[in-house]
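Numbering of the sequence shown is given in my numbering, commencing with residue 7 and proceeding in unit increments.
Below you'll find the structure, written out as structure tokens, and then a few comments.
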Amino acid sequence: MGNYKDFDSALIHGGISSDPYTGSVNVPIYQTSTFKQTVPGDFKYEYSRTNNPTREALEALIAELDGGSRGFAFASGMAAITAVLSLFYSGDKVLISNNVYGGTYRVLDKVFDHFGLTYQMVDTSNLKEVEEAVTEDVKAILVESPANPLLTITDLKAVGQIAHRHNLLYVVDNTFMSPYLQQPLKLGADVVVYSATKYLGGHSDLVAGLVTVKDKELADRIAFLQNSTGGVLQPFDSFLLIRGIKTLAVRMERHVANATAVAEHLQNHPAVNKVYFPGLLTAQGYEIHKAQAKGPGAMVSFELTEGHDANRFFKSLHMIQLAESLGGVESLVCHPASMTHAAIPYETRQKVGITDGLIRFSVGIENIEDILQDLDLAIEESGK
Ligand SMILES: *Cc1c(COP(=O)(O)O)cnc(C)c1O
Numbered sequence: 007m008g009n010y011k012d013f014d015s016a017l018i019h020g021g022i023s024s025d026p027y028t029g030s031v032n033v034p035i036y037q038t039s040t041f042k043q044t045v046p047g048d049f050k051y052e053y054s055r056t057n058n059p060t061r062e063a064l065e066a067l068i069a070e071l072d073g074g075s076r077g078f079a080f081a082s083g084m085a086a087i088t089a090v091l092s093l094f095y096s097g098d099k100v101l102i103s104n105n106v107y108g109g110t111y112r113v114l115d116k117v118f119d120h121f122g123l124t125y126q127m128v129d130t131s132n133l134k135e136v137e138e139a140v141t142e143d144v145k146a147i148l149v150e151s152p153a154n155p156l157l158t159i160t161d162l163k164a165v166g167q168i169a170h171r172h173n174l175l176y177v178v179d180n181t182f183m184s185p186y187l188q189q190p191l192k193l194g195a196d197v198v199v200y201s202a203t204k205y206l207g208g209h210s211d212l213v214a215g216l217v218t219v220k221d222k223e224l225a226d227r228i229a230f231l232q233n234s235t236g237g238v239l240q241p242f243d244s245f246l247l248i249r250g251i252k253t254l255a256v257r258m259e260r261h262v263a264n265a266t267a268v269a270e271h272l273q274n275h276p277a278v279n280k281v282y283f284p285g286l287l288t289a290q291g292y293e294i295h296k297a298q299a300k301g302p303g304a305m306v307s308f309e310l311t312e313g314h315d316a317n318r319f320f321k322s323l324h325m326i327q328l329a330e331s332l333g334g335v336e337s338l339v340c341h342p343a344s345m346t347h348a349a350i351p352y353e354t355r356q357k358v359g360i361t362d363g364l365i366r367f368s369v370g371i372e373n374i375e376d377i378l379q380d381l382d383l384a385i386e387e388s389g390k
């Protein structure tokens with residue numbers, strides 16, 4: 007651990023930031039499965055599923071950035087979430103935000119249900135609804151804020167208070183914010199999970215998941231589950247993720263500036279019905295988000311007016327690309343109704359605001375004039 011004060015410096019020097027064996031400024035890729043022992047049991051590292059120096063550097067870094075006692079790196083965000091959900095037993099129940107990431111919903115609905123772990127979706131932006139959903143069998147609350155795709159805000163501190171009053175484990179998926187913008191462990195979360203595939207990696211070139219925890223005993227249980235279930239991040243990907251994290255501050259600043267410009271531009275656009283962005287004064291939960299996060303993030307969702315065709319919009323884009331995922335340096339759009347949220351029935355989608363004209367935009371760090379120009383031309387084409 008370093009002795010610098012600022013988060014931006016910790017991104018670069020935090021955790022184990024150079025190689026203790028060679029002095030190499032960057033932690034090398036220890037591409038090995040196993041480690042030599044002199045006599046049985048005499049080792050620093052034993053086997054790379056259990057521990058690997060490159061992964062260990064990344065884990066120390068994320069723990070420091072989140073203010074946790076320990077961090078864990080997994081092969082994907084879903085491997086991380088799966089390990090955390092493996093803390094529970096048959097008969098337990100987890101409350102989840104009703105607009106939680108589709109994969110989280112799916113692993114609970116189609117995998118953990120085999121083992122008798124149940125879930126209930128609640129509108130976590132409504133504290134009364136959260137409180138009322140807590141029954142004897144509820145053991146945890148899993149929240150995302152802002153949540154996909156309408157950027158719904160949940161009061162993270164307030165839900166934490168409900169969770170702790172009832173002795174529940176409080177898990178926050180902080181993927182959309184990254185530790186640069188929001189630090190849930192400091193707002194009362196027991197566990198924070200990330201799809202590091204998104205902003206932490208930042209370059210759309212790897213799939214990874216991270217977990218941080220405060221409590222040491224809980225850290226030991228997660229370490230046991232990480233080693234037992236085995237969905238660990240490989241040394242090369244750990245290296246790439248450390249490399250990505252170094253520029254998180256500068257990337258996020260530009261992401262936020264560009265997204266704010268995009269949201270304000272779309273808000274005044276005659277072919278746009280609605281804009282969802284936590285940085286707009288009119289956004290749901292604006293004040294709450296402002297109090298718990300350092301910035302609005304860079305996800306903007308918007309709805310084209312009647313007569314504008316989403317497919318024509320996508321086809322007419324030149325620089326901005328249509329793809330799943332988010333949080334990379336390049337601008338990506340997606341169509342929640344047919345892509346990320348296609349599994350939700352049509353009527354339910356309408357009710358919660360995921361209309362066929364809704365477009366989710368992960369605003370990249372390209373030149374803002376280029377982004378706005380591409381957007382405007384495609385919106386114009388979509389109305390022809
Ligand atoms: C992408 C994502 C995940 C899943 O992460 P993978 O790295 O794709 O496994 C979980 N939560 C949120 C909010 C995500 O956006």
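Think of the CB as a built atom: it goes at the ideal place given N, C-alpha and C, for glycine as much as any other residue.
Checklist entry - Given that a residue counts as buried once 16 or more other Cβ atoms are within 10 Å of its Cβ, and exposed if not, what is Thr232? => result One detail in the question is off: residue 232 reads as Gln in this sequence, not Thr. Buried.
Item to check | Three-state secondary structure (DSSP) of Lys222 | outcome: Collapsing the DSSP output to three states places Lys222 in a helix.
Item to check | Span separating the alpha-carbon of Gly3 from that of Thr160 | outcome: As shown, the chain starts at 7 and ends at 390. That puts residue 3 outside it, with no answer to give.
Checklist entry - At what residue ranges does the stretch 182-214 contain a whole run of the alpha helix (DSSP H), taking only runs of 4 or more? => result List check, alpha helix (DSSP H) in window: 184-187.
Checklist entry - Is it right to say Val31 is buried, meaning 16 or more other beta carbons lie within 10 angstroms of its own, or is it exposed? => result Note on Val31: under 16 other CB atoms within 10 angstroms of its CB, so exposed under the neighbour-count rule.
Item to check | Segment contact, 8 Å Cβ cut-off, at least three pairs: the stretch 281-288 with the stretch 301-315 | outcome: The stretch 281-288, when compared against the stretch 301-315, does touch it at the 8 Å Cβ threshold.
Checklist entry - If you compare alpha carbons, which of Ala265, Thr346 and Ala299 is closest to Ile377? => result Minimum Cα distance to Ile377 is reached at Ala265.
Next on the checklist: Which residue wins for smallest C-alpha separation from Lys321, given the options Leu381, Thr354 and Ala89?
Outcome noted: Minimum Cα-Cα distance from Lys321 among the listed residues Leu381, Thr354 and Ala89 corresponds to Leu381.
Checklist entry - Of the choices Asp211, Val213, Leu212 and Ile228, whose alpha-carbon is the least far from that of Val219? => result Nearest option by C-alpha distance: Ile228.
Checklist entry - Gly215: beta carbon under 7 Å from a heavy atom of ligand 1? => result Correct: Gly215 has its Cβ closer than 7 Å to ligand 1.
Checklist entry - Which word fits Gln379, buried or exposed, when buried means at least 16 other C-beta atoms lie within 10 angstroms of its C-beta? => result With fewer than 16 other Cβ atoms within 10 Å, it is exposed.
Checklist entry - In this structure, what does DSSP give as the bridge partners for Ser307? => result Answer is Tyr282 and Arg366.
Checklist entry - Helix, strand or coil for Asp179 per DSSP? => result In the three-state reduction of the DSSP assignment, Asp179 falls in the strand class.
Next on the checklist: Beta-carbon within less than 8 Å of Val177's beta-carbon, same chain only, minus the 5 sequence neighbours each way: which residues are those?
Outcome noted: Closer than 8 Å at Cβ, skipping near neighbours: Val90, Ala146, Ile147, Leu148, Val149, Ala195, Asp196, Val197, Val198 and Val199.
Next on the checklist: ligand 1 and Asn154: does any heavy atom of the ligand fall closer than 7 Å to the residue's C-beta?
Outcome noted: Because some heavy atom of ligand 1 lies under 7 Å away, the Cβ of Asn154 counts as near it: yes.
Item to check | Leu5 versus Ile360, Lys222 and Lys11, residue with shortest Cα-Cα distance | outcome: Within the shown structure, residues of the chain are numbered from 7 to 390, placing residue 5 beyond reach of any answer.
Item to check | Gln188 versus Leu338 - alpha carbon distance | outcome: Cα to Cα, Gln188 sits roughly 22 Å from Leu338.
Next on the checklist: Excluding the 5 residues flanking Lys192 on each side, which residues of the same chain have their C-beta closer than 6 Å to its C-beta?
Outcome noted: Setting aside the 5 residues that flank it on each side, Lys192 is surrounded in the same chain by Gly73, each with a C-beta closer than 6 Å to its C-beta; the list follows chain order.
Item to check | Cβ separation of Tyr125 and Val100, assumed to be a contact under 8 Å, to the nearest whole Å | outcome: Confirmed, about 5 Å.
Checklist entry - Distance, Cα to Cα, Leu206 vs Met325? => result Computed Cα separation, rounded: 23 Å.
Item to check | Secondary structure of Met7, DSSP reduced to three states | outcome: Confidence at Met7 is low in this model, with a pLDDT of 45, below 50, so the placement of that residue should be treated as unreliable; the coordinate-derived value is given next. In the structure shown, Met7 sits in coil (DSSP, three-state: anything other than H, G, I, E or B).
Checklist entry - Mind checking Met7: buried by the 16 CB within 10 Å criterion, or exposed? => result Because the pLDDT of Met7 is 45, which lies under 50, any placement of that residue in the model is unreliable, and the number read from its coordinates should be weighed accordingly. Classification for Met7: exposed.
Checklist entry - Any heavy atom of ligand 1 closer than 7 Å to the Cβ of Met84? => result At least one heavy atom of ligand 1 is nearer than 7 Å to the Cβ of Met84, so yes.
Item to check | N- and C-terminal bounds of the beta strand (DSSP E) containing Arg76 | outcome: Note, Arg76: beta strand (DSSP E), Arg76 to Phe80.
Checklist entry - Heavy atom of ligand 1 less than 7 Å from the Cβ of Tyr107, yes or no? => result Yes, since a heavy atom of ligand 1 falls inside the 7 Å radius drawn around the Cβ of Tyr107.
Item to check | Ala267 (DSSP reduced to helix, strand or coil) | outcome: The DSSP-derived three-state label of Ala267 is helix.
Next on the checklist: Which residue marks the beginning of the alpha helix (DSSP H) containing Met84, and which one marks its end?
Outcome noted: Annotation: the continuous alpha helix (DSSP H) that includes Met84 extends over Gly83 to Leu91.
Checklist entry - If you measure from the CB of Ser201, is any heavy atom of ligand 1 nearer than 7 Å? => result At least one heavy atom of ligand 1 sits closer than 7 Å to the Cβ of Ser201.
Checklist entry - To the nearest whole angstrom, what separates the beta carbons of Glu135 and Val128, a pair I think is in contact under 8 Å? => result Between Val128 and Glu135 the Cβ distance is about 5 Å, and since that is below 8 Å, they are a contact.
Checklist entry - Taking the alpha carbon of Val335 as the point to measure from, which residue in Gly109, Arg171 and Glu259 has its own alpha carbon closest? => result Ranking Gly109, Arg171 and Glu259 by Cα distance to Val335 puts Glu259 first.
Item to check | Test item: CB-CB of Gly215 and Ser234 under 8 Å | outcome: In this structure, Ser234 does not lie closer than 8 Å to Gly215 by Cβ.
Item to check | With 16 other Cβ atoms within 10 Å as the buried cut-off, status of Asn373 | outcome: A residue is called buried when at least 16 other Cβ atoms come within 10 angstroms of its Cβ; Asn373 does not meet this threshold and is exposed.
Checklist entry - What are the boundary residues of the alpha helix (DSSP H) that Leu246 is part of? => result Unbroken alpha helix (DSSP H) run through Leu246: Pro241 to Lys252.
Checklist entry - Just the Cα atoms here: how many angstroms apart are Thr130 and Leu156? => result In a straight line, the C-alpha of Thr130 is about 14 Å away from that of Leu156.
Checklist entry - Three-state secondary structure (DSSP) at Thr110? => result Correct three-state label for Thr110: helix.
Item to check | Beta-bridge pairing of Ser103 - partner residues as DSSP gives them | outcome: Val128.
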